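Report on one structure; see the data block that follows.
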Amino acid sequence: MELLAQLGQGFVAAATPMNLLMCLLGVVLGQIIGVLPGIGPSAAIALLLPLTYGSSPTGAVIMFAGIYYGAQYGGTLTSVLINVPGESSSVMTTLDGYQMALQGRGGVALGIAAIGSFIAGCLGTVGLMLLAPPLSKVALAFGPPEYCALVLLGLTALAAVGGSVLKGLATGTAGMLLGTIGIDPQVGVPRFDFGQLWLLDGVDFIVLAVALFGVGEVLASCRMGAADPILNVGRVLPNREEWRQARMAILRGSGIGFLIGILPAAGATIASFVAYIAEKKVAKDPSRFGKGAIEGVAGPESANNAASAGAMVPMFALGVPGSNTTAVMLAALIMFGLRPGPDMFTTNASLVWAVIASMFIGNLILLVLNLPLAGLFARLLQIRYRWIYPPILAICLTGVVSHANNVEDAWLMLAFGALGWLMKRYDWSAAPMILGLVLGPIFENSLRQSLTLSHGSGTIFLTRPISAVLFALAVMAVTAPLWSRIFRAKTV
Amino acid sequence: MNHRIAPGELILALFFALLGGLWVVAALRMPLWQGFIPQSGFMPLWYGITLAGLAAAILARLWLGKEQPRQEEPIGKALVVIAVIAATVLGFELIGFAPSIFLLLLVLFAAVERLPLARSAAVAAGVTAVLFLIFRTWLRVSLPVGPLGI
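Which chain is which? The protein sequence lines are A and B, in order. Per the working numbering, the very first residue in the first sequence carries number 122; after that it's consecutive. Per the working numbering, the very first residue in the second sequence carries number 14; after that it's consecutive.
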């Protein structure tokens with residue numbers, strides 16, 4: 122009852138004309154940021170931070186939160202329409218979202234992403250409201266062995282994402298291998314930099330994603346003498362059958378996204394990977410995935426939005442950032458003279474509840490904006506491809522160069538783009554490579570830290586309950602096809 | 014072996030096998046294990062071995078004809094586009110960001126796709142201006158600058 126009263130007060134504070142305007146500004150800016158490759162929500166908030174100095178902390182934090190979850194949806198637009206993930210958390214959406222667009226169901230893909238994001242955003246906010254203090258304690262129990270086990274669970278996705286298991290494993294391992302380029306974070310020595318200073322920072326996710334998905338797709342689609350078809354936009358709202366297929370995916374994605382979002386450094390990217398794999402595992406016909414399955418859009422999209430709410434749990438309850446973006450938001454709270462931490466819910470209750478209430482409002486604004494706009498955005502597909510692909514290449518180049526202000530990254534993008542083109546021609550899935558690049562360094566660091574903690578004993582992974590459960594889940598995920606084959610053989 | 018292996022598929026498998034091999038060789042020159050802790054070369058060594066092994070398995074499947082052959086499509090235009098992108102990246106440091114992007118768009122529209130020149134120039138200028146405004150003016154990203162200052 123007390124919670125509802127506080128939420129009511131939060132709505133009163135969030136519904137002032139100024140705060141509503143900040144919320145609208147935040148979600149719209151977030152969406153634009155999400156569309157642009159190379160500029161993430163954390164960079165956008167950092168850029169806007171000086172402009173909010175002197176304004177109301179509540180309004181500023183409402184706007185920053187709006188940018189955060191608005192960006193998650195913005196990344197969806199480019200993933201579905203042009204196969205370029207604007208954010209790492211949108212990589213999985215490209216797999217089925219773009220296929221849906223090619224089948225003339227781009228409107229439905231954007232529509233279900235908007236509906237899923239709305240439901241997941243609201244459920245995540247309810248989770249934030251009810252579970253922040255107890256869940257943040259669980260998140261703190263995550264040490265290196267638990268992270269190692271969680272990443273191992275994510276890595277089981279490598280074989281499941283692509284069409285060919287062998288090729289998926291190969292490209293995934295190649296991604297992990299690329300993740301070792303740069304300074305070894307454990308001992309601070311350079312590895313695999315081949316004497317190039319610009320490689321000391323490693324291969325950035327955005328360079329690889331833009332190259333493999335954006336440039337590779339363009340090179341594969343602009344072939345000489347190819348037809349230049351005008352794609353259908355189709356309807357935006359899912360029909361009864363599509364809704365039946367997507368509704369459980371949205372709920373599962375919301376749960377997965379929220380729980381993984383709470384874990385510091387895990388965030389929306391791993392959440393969307395795990396949600397996609399979960400959908401593929403529970404599907405009656407997993408072969409539909411990668412060919413335009415609506416659950417392949419609904420699950421990851423719900424997960425990445427719920428993860429944004431989840432990432433605010435440790436930020437508000439403990440003063441620990443759950444992601445890059447919440448780290449910048451935390452800096453903003455400190456700049457406004459607030460002290461994030463366990464007493465945030467008591468000493469700054471009005472701000473916290475206003476932000477929570479604004480997240481409900483912001484998610485509603487996103488839905489109201491995006492359902493009508495989805496059809497408009499999807500009309501991009503009706504422009505002839507020969508007018509579309511040169512601007513896509515220009516955006517890819519600009520995004521990559523601006524990301525680290527480094528022209529060498531553009532060369533790297535070109536090389537990986539050519540590789541992505543070949544991979545697409547011969548059905549080598551690109552998504553496991555991205556997954557490997559993102560998860561590889563986390564896996565290596567957590568493994569080395571765990572073995573340091575245990576003095577080299579591998580039993581540390583089995584003696585800690587959370588890590589043991591996650592390891593068991595990873596083993597189950599790998600062996601599930603084998604067990605189901607044995608089970609089927611026995612029942613026939 | 015009486016089937017034809019697609020050259021591109023072979024190139025990909027060989028590329029990944031060589032990449033794995035390169036990582037193995039380089040990792041062996043790094044410390045692998047000290048006391049009870051894996052060192053810098055340990056994980057790269059295993060990644061390299063795994064990648065080389067997987068690529069070898071794919072090569073074997075190709076050799077045995079177990080991979081479905083793909084229909085080859087023309088590659089001429091893709092190679093032209095790669096060359097145009099390479100010229101654009103070269104241009105970033107020579108003539109600056111905005112002129113390079115404008116030329117990339119103009120060449121692709123007018124020369125590669127043979128679209129009307131005036132319309133191509135107008136769209137190229139518009140897209141370049143929007144990108145310049147968003148990234149340079151609004152987000153204040155410092156992009157490569159040429160003799161024209163843009």
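We put the CB at the ideal spot given by N, CA and C, even for glycine. Quick caveat: nothing in here was measured; it's all calculated off a predicted structure.
Locate the alpha helix (DSSP H) running through residue i, then write down its first and last residues.
i                      : result
residue 294 of chain A : 286 to 299
residue 217 of chain A : 212 to 223
residue 111 of chain A : In this structure chain A extends from 122 to 613, so residue 111 of chain A is not present and cannot be described.
residue 152 of chain A : 138 to 156
residue 334 of chain A : Neither: residue 334 of chain A is in no alpha helix (DSSP H) and is coded neither H nor E.
residue 17 of chain B  : Counting along the chain, residue 17 of chain B falls outside any alpha helix (DSSP H), and DSSP gives it neither H nor E.
residue 178 of chain A : 178 to 203
residue 524 of chain A : 506 to 525
residue 320 of chain A : Neither: residue 320 of chain A is in no alpha helix (DSSP H) and is coded neither H nor E.
residue 557 of chain A : 552 to 574
residue 395 of chain A : 388 to 403
residue 538 of chain A : 528 to 546
Give the C-beta separation of residue i and residue j to the nearest angstrom, bearing in mind that I take them to be a contact with Cβ-Cβ under 8 angstroms.
i                      : j                      : result
residue 292 of chain A : residue 595 of chain A : Wrong, their Cβ atoms sit about 20 angstroms apart, outside the cutoff.
residue 540 of chain A : residue 265 of chain A : Residue 540 of chain A to residue 265 of chain A, Cβ: 33 angstroms. No contact.
residue 564 of chain A : residue 273 of chain A : 7 angstroms
residue 449 of chain A : residue 233 of chain A : Contact doesn't hold; Cβ gap of about 30 angstroms is too wide.
residue 29 of chain B  : residue 295 of chain A : 6 angstroms
residue 70 of chain B  : residue 287 of chain A : 6 angstroms
residue 109 of chain B : residue 161 of chain B : 6 angstroms
residue 485 of chain A : residue 235 of chain A : Not really, about 11 angstroms apart at Cβ, beyond 8 angstroms.
residue 422 of chain A : residue 237 of chain A : 5 angstroms
residue 430 of chain A : residue 249 of chain A : 5 angstroms
residue 371 of chain A : residue 477 of chain A : Contact doesn't hold; Cβ gap of about 21 angstroms is too wide.
residue 343 of chain A : residue 568 of chain A : Not a contact, Cβ separation roughly 42 angstroms.
Can you give the Cα-Cα distance for residue i and residue j, rounded to whole angstroms?
i                      : j                      : result
residue 144 of chain A : residue 243 of chain A : 15 angstroms
residue 164 of chain A : residue 383 of chain A : 21 angstroms
residue 22 of chain B  : residue 543 of chain A : 8 angstroms
residue 151 of chain B : residue 147 of chain A : 16 angstroms
residue 155 of chain B : residue 141 of chain B : 15 angstroms
residue 50 of chain B  : residue 577 of chain A : 6 angstroms
residue 560 of chain A : residue 521 of chain A : 21 angstroms
residue 537 of chain A : residue 610 of chain A : 44 angstroms
residue 118 of chain B : residue 97 of chain B  : 9 angstroms
residue 393 of chain A : residue 290 of chain A : 19 angstroms
residue 206 of chain A : residue 77 of chain B  : 36 angstroms
residue 220 of chain A : residue 338 of chain A : 12 angstroms
residue 555 of chain A : residue 326 of chain A : 7 angstroms
residue 285 of chain A : residue 549 of chain A : 8 angstroms
residue 347 of chain A : residue 509 of chain A : Confidence at residue 347 of chain A is low in this model, with a pLDDT of 49, below 50, so the placement of that residue is unreliable and no value is reported for it.
residue 195 of chain A : residue 403 of chain A : 28 angstroms
residue 356 of chain A : residue 99 of chain B  : 39 angstroms
residue 153 of chain A : residue 24 of chain B  : 39 angstroms
residue 130 of chain B : residue 138 of chain B : 12 angstroms
residue 395 of chain A : residue 201 of chain A : 19 angstroms
residue 134 of chain B : residue 120 of chain B : 9 angstroms
residue 32 of chain B  : residue 63 of chain B  : 11 angstroms
residue 101 of chain B : residue 156 of chain A : 23 angstroms
residue 149 of chain A : residue 524 of chain A : 21 angstroms
residue 427 of chain A : residue 418 of chain A : 14 angstroms
residue 41 of chain B  : residue 302 of chain A : 15 angstroms
residue 128 of chain B : residue 512 of chain A : 14 angstroms
residue 34 of chain B  : residue 72 of chain B  : 15 angstroms
residue 228 of chain A : residue 213 of chain A : 18 angstroms
Give me whichever residues DSSP pairs with residue i in a beta bridge.
i                      : result
residue 51 of chain B  : B:46
residue 312 of chain A : A:303
With a threshold of 8 angstroms, establish whether the CB of residue i neighbours any heavy atom of the ligand SAH.
i                     : result
residue 21 of chain B : Ligands are entirely absent from the displayed structure, and the ligand SAH is therefore not among its contents.
| request: Determine, using beta-carbon pairs with one atom in the segment 399 to 418 of chain A and one in the segment 431 to 446 of chain A, whether at least three such pairs fall under 8 angstroms. | output: Short answer: they don't touch.
| query | Given 8 angstroms as the limit, is there contact between the segment 573 to 587 of chain A and the segment 362 to 375 of chain A, that is, 3 or more CB pairs closer than that? | reply | no
| query | Looking at C-beta atoms only, is the number of pairs between the segment 123 to 134 of chain A and the segment 470 to 489 of chain A that lie closer than 8 angstroms three or more? | reply | Proximity of the segment 123 to 134 of chain A to the segment 470 to 489 of chain A meets the contact definition, three or more beta-carbon pairs being nearer than 8 angstroms.
| said: Does the contact criterion of 3 or more C-beta pairs under 8 angstroms hold for the segment 169 to 183 of chain A versus the segment 509 to 521 of chain A? | reply: no
| query | Quick one: any contact between the segment 243 to 253 of chain A and the segment 353 to 367 of chain A, if contact means 3 or more CB pairs under 8 angstroms? | reply | no
| query | Does the segment 313 to 327 of chain A come within contact of the segment 182 to 189 of chain A, defined as at least 3 CB pairs closer than 8 angstroms? | reply | no
| Are there three or more Cβ pairs, one per stretch, closer than 8 angstroms when the segment 84 to 95 of chain B is compared with the segment 46 to 65 of chain B? | no
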